[in-house]
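Undergrad: Just remember that this note's numbering sits 57 ahead of the position in the sequence shown, which is counted from 1. Glycine included, C-beta positions come from ideal geometry on N, C-alpha and C.
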Amino acid sequence: MAAAGARPVPPRLRSRGKQGRRRSFPHGGAGAEARRPAAAGAPAQRSAEAASWRWGEPPARGRARQGERERCCTSCAFRRAGAPWRPWRRGGRPWRCRWRGWPRRRGSSSCGTSIPGTLPFDVFVRRAAEVKHKEYFLSEDEKYYLRSVGEDARKDIADIRKQFPVLAEDIHIPEYFEKEQFFSSIFRISSAGLQLWTHYDVMDNFLIQVTGKKRVVLYSPRDAPYLYLSGTKSEVLDVDNPDLQKYPLFVKAKRYECVLEAGDVLFIPALWFHSVISEEFGVAVNVFWKHLPAESYDKSDAYGNKDPMAASRALQILDRALKTLEELPEEYRDFYARRMVLRIQEKAYRNDCG
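This is how it looks when you write it as structure tokens:
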């Protein structure tokens, strides 16, 4: 990547022709090559939108005429999502989707069971596209979700070109980073009405909507104090109808929202919180890349959601410091905790945080 701050930002990517007219390029045409970042050390060639973007601001919106959008897949490949997809062979065996049920809990007692099972891929796609099921595991309106993983889900990184090579041929990944920066490409299928919890990722990524419609709600990293974090996730599960008695500060978080349709691409900067709601049955691909130096990341991270190594060490040091404060009387603990907060604000907060 050319330089810090030169990351691509428009959620809907487009290219301009010679006469200034916007045009689309589905499979890595001249438009894609023209927008590729300069080599490391070279001056960054950025659009006015990209140059004006600052960390902590919402990604810029496209200004194309209504109905225009870049197509990152062939127009017909996913027109009928289930039609061309049949179980294909991997290592001599038909590929099957594994389904797992998790215990449902009430209080501290478990009142459900785990029901492992598998489905042929075409059956899984058909069920995911249905609203009501004639055949089901638990209920006729159950939701289905697929998130691709590597061969060893604990260690290997997901790559659609390896796990789904036939389908990968129909996806054009925008060329906004160098090949060695690539981290993962995650294939996703989701039923209508399915929602993923609000979370952040430590790498930049593109969300490519292949078919169907998704609504994406985003929050700036600066709003972290209002999101009730537990690790990388927010405890506020329903962002449309939050429990303000339990999470009163959530109203202070500024919300950005967009709707992705087939062919749209959203750039989600690292550390931006996002919740994804599937308004229709949909197929999507996430592409993550390392915009920081490779040594910044945890080498054991197969999912792209572990904090950078330096951040992880800093948080561990903070935990030890807070434990040390517990040795003091309450009024001293309060005083020195406030001094620590002031030190952090002075040394670590950005000047443009307002």
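1) Buried or exposed, going by whether 16 or more other CB atoms sit within 10 Å of the CB of residue 374?
2) Who are residue 268's beta bridge partners in DSSP?
3) Does the stretch 363-372 come close enough to the stretch 297-309 that 3 or more CB-CB pairs lie under 8 Å?
4) Going by the CB atoms, is the gap between residue 231 and residue 263 shorter than 9 Å?
5) For the beta strand (DSSP E) holding residue 314, just list the boundary residues, first then last.
6) Bridge partners for residue 335 per DSSP, in chain order?
7) Which one of 186, 279, 270, 260 has the shortest CA to CA distance from residue 405?
8) Secondary structure at residue 402, three-state DSSP: helix, strand or coil?
9) What are the boundary residues of the alpha helix (DSSP H) that includes residue 381?
10) For residue 146, count neighbouring Cβ atoms within 10 angstroms of its own Cβ and tell me buried if that reaches 16, exposed if not.
11) Quick test of your reading: residue 339 and residue 269, contact by CB under 8 Å. State the CB separation rounded to the nearest angstrom.
12) Can you look up residue 236 in the DSSP assignment and give me helix, strand or coil?
13) Straight-line CA distance for residue 355 to residue 257?
14) Around the Cβ of residue 345, are there at least 16 other Cβ atoms within 10 angstroms (buried) or fewer (exposed)?
15) If distances are taken between C-alpha atoms only, which option among 325, 367, 330, 203 comes closest to residue 353?
16) Which class does residue 276 belong to by DSSP, given the choice of helix, strand or coil?
17) For residue 297, which of helix, strand or coil comes out of DSSP?
18) Identify whether residue 408 lies in helix, strand or coil by the three-state DSSP scheme.
19) Please state whether DSSP places residue 434 in a helix, a strand or coil.
20) Give a yes or no on whether the C-beta atoms belonging to residue 255 and residue 294 are separated by under 9 Å.
21) Quick one: what does DSSP say residue 170 is sitting in, helix, strand or coil?
22) Check this for me: beta carbons of residue 226 and residue 266, under 9 Å apart or not?
23) With distances taken between CB atoms, is the gap from residue 332 to residue 251 smaller than 9 Å?
24) For a test of the three-state rule: what should DSSP assign to residue 353, helix, strand or coil?
25) Mapping the DSSP letters down to three states, classify residue 245 as helix, strand or coil.
26) Starting from residue 252 and walking both ways along the beta strand (DSSP E), at which residues does that stretch end?
27) Does residue 201 pass the burial test, meaning 16 or more other C-beta atoms within 10 Å, or should it be called exposed?
TA: Once the coordinates are examined:
1) It is exposed - the Cβ of residue 374 has fewer than 16 other Cβ atoms within 10 Å.
2) DSSP output for residue 268 lists 340 as bridge partner(s).
3) Three or more Cβ pairs closer than 8 Å define a contact, and the stretch 297-309 falls short of that threshold against the stretch 363-372.
4) Result yes, Cβ atoms of residue 263 and residue 231 sit closer than 9 Å.
5) Where residue 314 is concerned, the enclosing beta strand (DSSP E) stretches over 312-317.
6) According to DSSP, which records beta bridges pairwise, residue 335 is partnered with 271.
7) Residue 405 has its Cα closest to that of 279, out of 186, 279, 270, 260.
8) Note: residue 402 maps to helix in three-state DSSP.
9) Element bounds for residue 381: 366-382.
10) Residue placement at residue 146 is poorly supported in this model, since its pLDDT is 30, which falls under 50; the coordinates still yield a value, given next. Residue environment analysis places residue 146 among the exposed positions, since fewer than 16 neighbouring C-beta atoms fall within 10 angstroms of its C-beta.
11) About 3 Å separates the two Cβ atoms, so the contact holds.
12) It is helical.
13) Their Cα atoms are separated by approximately 16 Å.
14) Buried, because 16 or more other Cβ atoms sit within 10 Å of the Cβ of residue 345.
15) With distances taken between Cα atoms, residue 353 lies closest to 367.
16) DSSP places residue 276 in strand when its eight states are reduced to three.
17) In the structure shown, residue 297 sits in coil (DSSP, three-state: anything other than H, G, I, E or B).
18) Correct three-state label for residue 408: helix.
19) The question about residue 434 has no answer, for the chain in this structure spans 58 to 411.
20) One thing to note: residue 255 has its Cβ within 9 Å of the Cβ of residue 294.
21) Unreliable placement is indicated for residue 170, whose pLDDT of 46 sits below 50; no coordinate value is reported for it.
22) No, the Cβ-Cβ distance between residue 226 and residue 266 is not below 9 Å.
23) No. Outside cutoff.
24) Per DSSP, reduced to three states, the secondary structure at residue 353 is helical.
25) DSSP places residue 245 in the strand class (E or B) of the three-state scheme.
26) Taken as a continuous stretch (DSSP letters only), the beta strand (DSSP E) holding residue 252 covers 252-256.
27) That one is buried.
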